[in-house]
RNA sequence: GCCUCGGUAGCUCAGGAGUAGAGCGUUUCCUUGGUAAGGAAAAGGUCGCGAGUGCGAUUCUCGCCCGGGGCUCCA
């Protein structure tokens, strides 16, 4: 990468015409610009430049930026600094990376369009540091870093710059926050300032509102679900992979599969077409390029021959491209397309990862609904809101709801919004933003609040007003004309891993309150464990095991050389909902002595009675076999 | 990504410039039991990885990797 930095009194530019056919069109307001007291960074991306190079370049730029005390930065793509330029797609990506890095310390930095001929006018300052040029490659990267480490003077100046940069970025962050306003929407549809609202019995909402607006953590502890996920041998970190990628043990994999099946059943019953689309996409695809600009998540990049692909962060692309190729009549609408993404990939900043709460690879049930008009979109949005609510209530996951809306849209639909709080029977957090900063005009999330009082979004539905245009998705209306549908993005449960995180955090809360932790019976890996009193009952127990399995129950048999007390204890530690102790009496009568976790009672039940009990508790829920040895003596320890 | 704290047996953790510690778990043997731990013995370690300073480093210094917390961000 080659950069030329000029500290200018002013710099103004105007795009003339495309230099490259493949570049996306840009908006009118992006075509020209003028900035004052600016560090202009002319940049050429060269073959072989990596994200590391961009980071290093950003460090250099930061140093100069703070030294010359410029007010802002303009990143100006400029091909003429190098004779071995990177391919355009690569350059766009690298410039994006560099821009993101620069934004970290200069939040209001600008960039001029890539791939256009631009005329420009400027006045460069005359001080000694006003003109600097640098070549940054992965070869000299290590050397420069090494030098930086040994050069104490440079270190001091860097840490000082860091402090200054932090002050700058903090104040700017506060400023950008001011662009949206938080309110409480009460049951009567009235808006309140958060400060003046009497939360009364709605303590969860108060916590959530504080989390969203103040960003101050009341206390900080390791999220308890991390300990539980290991203890219960559900899932664990995998240091051999990238951060945020987990290794699922049989029990965790089973729970995940059951949740996925459950939500897929719901969505398919709801009328969605289930599809499967690729996990990686071409950076150069014109529609995707546009979309990427509107969803600035960090991506994984995969190389194949000379092409670069990014790993999907949702199922949007595959479904939108599919929708583009469909012939759709207004009679087909609303049209739902659904995929469970295995996986969605987001290269989150390493510091943002936390147990199962936030991952770099996660599974998301992603549904898109094409709607004819706003009226239909609103109806669908409402109906999907209730699906989400139903799901969380069935899972017994408490949630706080946030709506985010563009101000004009809210003002036109006040009545409609007030219905949501009313139907929930509790007020909701409402964020109003002046300008649409993403593809959606409105959305809601249902947020779970964990033991550290931190919120994370589960269910979400958004109304997308942009992508049917971007992806050229159209339907034929009654009048025979092609029209653009509105698109709802919905994830009813949110990420599956996050659902498990919520379930584990909820159980941690139960334990804090001295209650017995447990999973719903339909999700419990072992639903019933058979514990013999002695080896004499082994044969009878094996028959029980076989019978229960045949009835569609996940049963296992503790045939280890341990005392019955020890086996009961181990079953309790595994949160197994039913434990049947079998001795001579049971063998003679055929009735089992069943320890019931839910209420701590013991009951005498026949095999078919206990099977029925388990079936009733799993009603309308999917079933999967136990993916483990059914005899504990044969089971390895995780 | 930045700041900060941590990484010692399969797990949870103690220790600390001079032969590496406990409990649980594992293996073997004894024990055949009525609803949350029966007994004994044995095995088990490159003290996260790599450099540096020491006669000597698991211990001190630096770098890297992995994890927790904070900032930022989200499904």
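In my numbering, the protein residues as written are 1 to 638. A virtual CB, placed ideally from N, CA and C, is assigned to each residue, including glycine.
Neighbourhood of residue i by C-beta, 7 Å cutoff - its chain only, sequence neighbours within 5 removed
i, result
"residue 19", "115, 116, 117"
"residue 586", "592, 593"
"residue 143", "With a pLDDT of only 35 at residue 143, under the threshold of 50, the placement of this residue in the model should not be trusted, and no figure is reported."
"residue 152", "A caution first: residue 152 carries a pLDDT of 26, below 50, which makes its placement in the model too unreliable to give a value."
"residue 8", "38, 40, 122, 123, 124, 125"
"residue 564", "531, 533, 581"
"residue 519", "503, 575"
"residue 242", "360"
"residue 638", "233, 249"
N- and C-terminal bounds of the beta strand (DSSP E) containing residue i
i, result
"residue 77", "72-77"
"residue 34", "32-44"
"residue 642", "Residue numbering for the chain in the displayed model covers 1 to 638; residue 642 lies beyond these limits and cannot be assessed."
"residue 457", "455-464"
"residue 714", "Since the first residue of the chain shown is 1 and the last is 638, residue 714 is not available in this structure."
"residue 428", "428-433"
"residue 236", "235-237"
Residue i - DSSP class collapsed to helix/strand/coil
i, result
"residue 266", "helix"
"residue 252", "helix"
"residue 57", "helix"
"residue 553", "coil"
"residue 355", "coil"
"residue 404", "strand"
"residue 509", "helix"
"residue 273", "strand"
"residue 141", "Annotation note: pLDDT 41 at residue 141 (below 50); position unreliable, coordinate value reported separately. Looking at residue 141 - three-state DSSP - the assignment turns out to be helix."
"residue 225", "helix"
"residue 363", "strand"
"residue 26", "coil"
"residue 3", "strand"
"residue 397", "coil"
"residue 300", "coil"
"residue 652", "Residue 652 is absent from the structure shown; the chain starts at 1 and stops at 638."
"residue 336", "strand"
"residue 114", "coil"
"residue 285", "coil"
"residue 123", "strand"
"residue 630", "coil"
"residue 193", "strand"
"residue 564", "helix"
"residue 582", "strand"
"residue 245", "coil"
"residue 639", "Missing from the structure shown is residue 639; the chain here goes from 1 to 638 and no further."
"residue 635", "coil"
"residue 495", "coil"
Residue interval of the alpha helix (DSSP H) (run including residue i)
i, result
"residue 619", "Careful: residue 619 lies outside any alpha helix (DSSP H) and carries neither H nor E."
"residue 323", "316-325"
"residue 204", "203-214"
"residue 439", "Run containing residue 439: none; DSSP gives neither H nor E here."
"residue 414", "414-424"
"residue 89", "88-105"
"residue 467", "467-470"
Neighbourhood of residue i by C-beta, 6 Å cutoff - its chain only, sequence neighbours within 5 removed
i, result
"residue 617", "521"
"residue 441", "406, 409, 463, 465"
"residue 643", "Because the chain here runs from 1 to 638, residue 643 falls outside it and cannot be looked at."
"residue 495", "362, 364"
"residue 271", "336"
"residue 571", "529, 579"
Own chain residues within Cβ distance below 8 Å of residue i, not counting five before or after
i, result
"residue 261", "622, 624"
"residue 630", "545, 549, 555, 556, 557"
Nearest-angstrom Cβ-Cβ length linking residue i and residue j, presumed shorter than 8 Å
i, j, result
"residue 640", "residue 366", "Within the shown structure, residues of the chain are numbered from 1 to 638, placing residue 640 beyond reach of any answer."
"residue 493", "residue 459", "6 Å"
"residue 268", "residue 339", "Wrong, their Cβ atoms sit about 11 Å apart, outside the cutoff."
"residue 312", "residue 348", "No, residue 312 and residue 348 are not in contact; Cβ-Cβ is about 15 Å, not under 8 Å."
"residue 400", "residue 191", "At roughly 17 Å, the Cβ-Cβ gap does not stay under 8 Å, so residue 400 and residue 191 are not in contact."
Closer than 8 Å: residue i CB and nearest the ligand SAH heavy atom
i, result
"residue 585", "Absence of the ligand SAH from the depicted structure is noted, as is the absence of any ligand whatsoever, leaving it without description."
Next on the checklist: Within 8 Å, do at least three Cβ pairs link the stretch 41-57 to the stretch 85-97?
Outcome noted: yes
Next on the checklist: Measuring CB atoms only, is the stretch 411-428 touching the stretch 179-188, in the sense that at least three cross pairs come out at less than 8 Å?
Outcome noted: yes
Item to check | Contact the stretch 432-446 vs the stretch 196-213: 3+ CB pairs below 8 Å | outcome: no
Checklist entry - Taking three-plus beta-carbon pairs below 8 Å as touching, is the stretch 246-257 in contact with the stretch 332-342? => result no
Next on the checklist: Closer than 8 Å is the cut-off here; do at least three beta carbon pairs connect the stretch 486-494 with the stretch 195-202?
Outcome noted: no
Checklist entry - Between the stretch 349-362 and the stretch 470-486, do three or more beta carbon pairs fall short of 8 Å? => result no
Checklist entry - Does the stretch 278-293 come within contact of the stretch 449-458, defined as at least 3 CB pairs closer than 8 Å? => result no
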